[in-house]
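Visitor:
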Amino acid sequence: MTSADIVRSIATEQETPVGESQLFSPARYAGTRAPIEEAEPLPPDVYFSQEWYDREVETIFRKCWLLATREEEIPNSGDYVRLDIVGEPLVIVRDEEGKVRALSASCRHRGSELMSGQGNYKKIVCPYHAWTYSLEGELLAAPSMKEAMGFDKSDHSLPSVRAETWGGFVFVNFDHDSVSLLESLGGLVDRLASYRLEEMKVTKKWENRFNANWKIWVENSREGYHVPTVHRGSLDTFYPGSRRTVFQADGEPMVYAINSSDNENGLYVPRNHTLPFVEGLSAQDNESTHFIIGYPHLLLNVPPDRITFHQYFPEGPEWTRIVSWCCFPQSTIDLPEFETEVEDKYYPSMDMFLAEDKGVCELVHRGIRGQLAKLSRYSPTEERTVHEFSNYVLDRVLGPVNGQ
Ligand code: FES
Ligand SMILES: [Fe+2]
129 MTSADIVRSI ATEQETPVGE SQLFSPARYA GTRAPIEEAE PLPPDVYFSQ EWYDREVETI
189 FRKCWLLATR EEEIPNSGDY VRLDIVGEPL VIVRDEEGKV RALSASCRHR GSELMSGQGN
249 YKKIVCPYHA WTYSLEGELL AAPSMKEAMG FDKSDHSLPS VRAETWGGFV FVNFDHDSVS
309 LLESLGGLVD RLASYRLEEM KVTKKWENRF NANWKIWVEN SREGYHVPTV HRGSLDTFYP
369 GSRRTVFQAD GEPMVYAINS SDNENGLYVP RNHTLPFVEG LSAQDNESTH FIIGYPHLLL
429 NVPPDRITFH QYFPEGPEWT RIVSWCCFPQ STIDLPEFET EVEDKYYPSM DMFLAEDKGV
489 CELVHRGIRG QLAKLSRYSP TEERTVHEFS NYVLDRVLGP VNGQ
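To convert, note that position 31 of the sequence shown is 159 in my numbering; the numbers rise steadily by one, no gaps.
#1: Compute the beta-carbon to beta-carbon distance between Glu109 and Ser272, rounded to the nearest angstrom, for a pair I have assumed lies under 8 Å.
#2: Taking the continuous beta strand (DSSP E) assigned at His418, which residues delimit it?
#3: Going by the beta-carbon positions, is the gap between Val214 and Arg190 smaller than 8 Å?
#4: Among all the DSSP beta bridges, which residues are the ones paired with Ser509?
#5: Taking 8 Å as the threshold (beta carbon to beta carbon), is Val430 in contact with chain B?
#6: What is the DSSP secondary structure of Glu186, reduced to helix, strand or coil?
#7: Assuming Thr513 and Arg350 are in contact, meaning their beta carbons sit under 8 Å apart, how far apart are those beta carbons, in whole angstroms?
#8: Do Ser149 and Pro445 have their beta-carbon atoms positioned less than 8 Å apart in this structure?
#9: Cβ of Phe481 within 7 Å of any heavy atom in ligand 2?
#10: Going by DSSP, name the residue or residues bridged to Phe297.
#11: Looking only at DSSP bridge pairs, what is Lys343 linked to?
#12: Confirm the yes/no value for this check: CB of Ser240, any heavy atom of ligand 1, distance under 7 Å.
#13: What three-state label does DSSP hand Ala132 in the structure shown?
#14: Apart from the five residues on each side of it in sequence, which residues of its chain come closer than 7 Å, Cβ to Cβ, to Val174?
#15: Which runs of the alpha helix (DSSP H) fall wholly inside the segment 438-517 and span at least 4 residues, in chain order?
#16: Tell me whether Ser416 is buried or exposed, calling it buried when 16 or more other Cβ atoms sit within 10 Å of its Cβ.
#17: The beta strand (DSSP E) spanning Ala269 covers which residue range?
#18: Can you find a heavy atom of ligand 1 that lies under 7 Å from the Cβ of His284?
#19: Does the segment 272-286 come close enough to the segment 294-306 to have 3 or more Cβ pairs within less than 8 Å?
#20: Where DSSP assigns a beta bridge to Gln246, which residues make up the other side?
#21: Using a 10 Å radius around the Cβ and a threshold of 16 neighbouring Cβ atoms, would you call Ala340 buried or exposed?
#22: Phe437 to Asn248, Cα distance in whole Å?
#23: From what residue to what residue does the beta strand (DSSP E) around Thr331 run?
#24: Quick check: the segment 320-329 against the segment 446-465, are there 3 or more CB pairs under 8 Å?
#25: Can you have a look at Arg229 and say buried or exposed, based on whether 16 or more other CB atoms are within 10 angstroms of its CB?
#26: According to DSSP, is Ala162 helix, strand or coil?
#27: By how many angstroms is the C-alpha of Thr402 removed from the C-alpha of Tyr474?
#28: Contact check, Glu172 vs Ile496 under 8 Å by CB: the rounded distance?
#29: Taking all protein chains shown into account, decide if Ala115 is buried (16 or more other Cβ within 10 angstroms of its Cβ) or exposed.
#30: Considering just the uninterrupted stretch of the beta strand (DSSP E) at Val317, what are its terminal residues?
#31: Quick check on DSSP: helix, strand or coil for Glu264?
#32: Among Val397, Phe441, Thr468, Asp212, which residue has its Cα nearest to the Cα of Asn429?
See the structure below:
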């Protein structure tokens, strides 16, 4: 019996519905822990189980830096955006001093949601009984509370989570003990410095809610195996002649680079593009598109002319809200041909790619729902990155193997 047979027999014994103790038993995942040449995907129930999902929220989403918004969405003091991240109502606001803060959007009185959407306030006033907070989250006024014994307004500020910025992006982190954002980004900061991401401006932002577990989306974003089949339509329409794309790790962990525009592999810069590339990029960057996976929920694509990115926000085990963004340098936006170029050549291909991925991710979610779903093996050449992601999830939900 090979080691692969052994790990598979362990997993097979436990394919019937399992209780919580088995669900979190490391032995159950030995098949996924095996080297890629022998490994098998995660069992289907980790894509549906509420218990597993709750553990992911606690060990992944409430521990990592998560992309919230772009700084130019809140340029002035008092500007805010309301976001729900893994069920937590937050308001991202620029305070009096110009600092970006992430505050709880739950009133300290009886919990009403404090604001919605996006806008500008000088003070945060609860719509229910008018308790009023500063942009820093301090409780300034609480009507009719004089008789409340021992009530001290300074004890009732809005809770906050960490908010830090890089390259014009605003990230938040529920974990007050986490490393800084810049430390978590590692070499990515230097690598992308010449793109001057902080000078780019949002030109399009749109949102979709899809019936698929968030991990299915990340897995799909991590491999090029599906590109020739799933994206045949958009490739033929927008990138005729392209054949396939293998995602190769490129220096930094989580960075995958492909050629941007050659006929064999390119799929990101329109062949007949007329919008300029960012000035000052290296010769290699001028020919590359970086696909960057910021675990757990960010896919950032950096071709030479713009950035596009997608935030995968889980909403329970079975739904994912995806917010997609496109940003260009201001000098490009100022060009007279900008509007027609992006409408003709850039946005339609993004819409089509997303629709193609949505379709197949929902197919997978529906396909693995039943008890007969039995997932077999990974392609060692094409799905090394998916295997790595599955082990990332296991490392956090169950703890690393051998305490490493
Ligand atoms: S719930 Fe906000 S003031 Fe009462
Ligand atoms: Fe895709």
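For each residue, glycine too, the CB sits at the ideal point set by N, CA and C.
Guide: Looking at the coordinates:
#1: Not covered by the structure: residue 109. The range shown for the chain is 129 to 532.
#2: 416-422
#3: yes
#4: With the sequence shown as reference, residue 509 is identified as Thr, and Ser is not the correct amino acid for it. Per DSSP, none; premise fails for Thr509.
#5: Of the chains in the structure shown, none is chain B; there is only one protein chain.
#6: helix
#7: 4 Å
#8: no
#9: yes
#10: Arg198, Trp294
#11: Under DSSP, Lys343 takes part in no beta bridge, so it has no partner.
#12: yes
#13: Because the pLDDT of Ala132 is 46, which lies under 50, any placement of that residue in the model is unreliable, and the number read from its coordinates should be weighed accordingly. Three-state result, Ala132: helix.
#14: So the list reads Trp180, once near-sequence residues are dropped.
#15: 458-461, 466-469, 475-495
#16: Burial is judged here by how many other beta carbons sit within 10 angstroms of a residue's own beta carbon; Ser416 has at least 16 and is buried.
#17: Its beta strand (DSSP E) spans residues 267-269.
#18: no
#19: no
#20: Val209
#21: buried
#22: 25 Å
#23: Note, Thr331: beta strand (DSSP E), 328-338.
#24: yes
#25: buried
#26: Shown here, Ala162 sits in coil according to DSSP, grouped into three states, outside any helix or strand.
#27: 11 Å
#28: The sequence shown places Pro at residue 172, rather than the Glu named in the question. Distance from Pro172 to Ile496 at the Cβ level is roughly 4 Å; contact confirmed, criterion being Cβ atoms closer than 8 Å.
#29: Nothing can be reported for residue 115, as the shown portion of the chain is limited to 129 through 532.
#30: Here Val317 belongs to no beta strand (DSSP E); instead the alpha helix (DSSP H) covers 316-319.
#31: Here Glu264 carries a coil assignment [DSSP, helix/strand/coil].
#32: Val397
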